[in-house]
Amino acid sequence: MSNKHLFLKAGLINTPLQNGVGRYVCQLQRVVLKFCKNNGSSRGMRDFIESELVNYAKENPGVVVYLKPRRHRTAVIKAEYLNGDAQWISCRNFTQEEISKWMNLLKTQSNNNTGTRLKKLWHTDHPSIQGPWTPYTFRDPKLNLVEFPNTEWSQPADMTNTSQDDLVELFKKQKIEELNKNRAK
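Numbering-wise, the sequence shown is residues 0 to 184 according to numbering that gives the first Met the number 0.
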């Protein structure tokens, strides 16, 4: 283990506006695409602008996209986020597909500073040596070799009725009770 984390400033994760709890707010505010009209290293950026930029702008109405042509410079993507941070990506000799992937990545990340050691709200002096629990922890190992669909594994042996059968029975009982109440009146 390294001690690299000792030199990072410590802090808790701060989700802006409790993002993702009630609704998702895209953190990307503005994208500036800087490119050269003639330079060969900006060819992928020019192809992206010609073919995919209009669709990207329609799919992301909350993101403002600026085009900034510059002479004799390499292509750059500058992304600005709601928290005021900015990120630059040099796109020298990138293809159209690579620029599209970077644009989607910039859209989906929140640009939290990665230079922060994250604190957790819990601590233990004796961590588990067994590893974390997963949904597959206590599954039968025979499931690894079975090909599905399989009638033997499709329904547990102790389950006689399905939940749909139980709901149908409850509905029938309610109808019978309603008829008996109406007859009693």
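Quick reminder that beta carbons are idealized off the backbone N, C-alpha and C, glycines included.
Candidates the options, of which the one nearest residue i by Cα
i	options	result
Asn38	His71, Asn149, Asn59	His71
Ser109	Asp164, Val145, Asp84, Leu142	Asp84
Thr73	Phe34, Val53, Leu81	Phe34
Glu79	Val30, Met44, Glu49	Val30
Leu104	Glu151, Lys180, Asn59	Asn59
Residue span of the alpha helix (DSSP H) that contains residue i, given as start and end
i	result
Ala182	Note that residue 182 is Arg in the sequence shown here, rather than Ala. From DSSP, the alpha helix (DSSP H) with Arg182 extends over 162-183.
Ser41	No alpha helix (DSSP H) holds Ser41; DSSP gives it neither H nor E.
Classification of residue i by the beta-carbon crowding that lies within 10 angstroms, buried from 16 upward
i	result
Met0	Unreliable positioning characterises Met0 in this predicted model, as indicated by a pLDDT of 44, which lies under 50. A coordinate reading is not provided.
Ser162	exposed
Phe137	exposed
Ser41	buried
Residue range of the beta strand (DSSP E) that includes residue i
i	result
Lys89	Inspection of the sequence shows that residue 89 is occupied by Ser rather than by Lys. It spans 85-89 - the beta strand (DSSP E) in which Ser89 sits, taken as one unbroken run.
Check whether residue i and residue j have beta carbons under 8 angstroms apart
i	j	result
Leu32	Ile88	no
Glu51	Ser99	yes
Leu81	Gln129	no
Gly61	Glu97	no
Residues bridged to residue i [DSSP beta-bridge criterion]
i	result
Phe47	The partner list for Phe47 (beta bridge, DSSP) is empty, contrary to what the question assumes.
Lys33	Lys67, Val75
Tyr135	DSSP, once it has assigned bridges, lists no residue as partnering Tyr135.
Tyr80	Leu27
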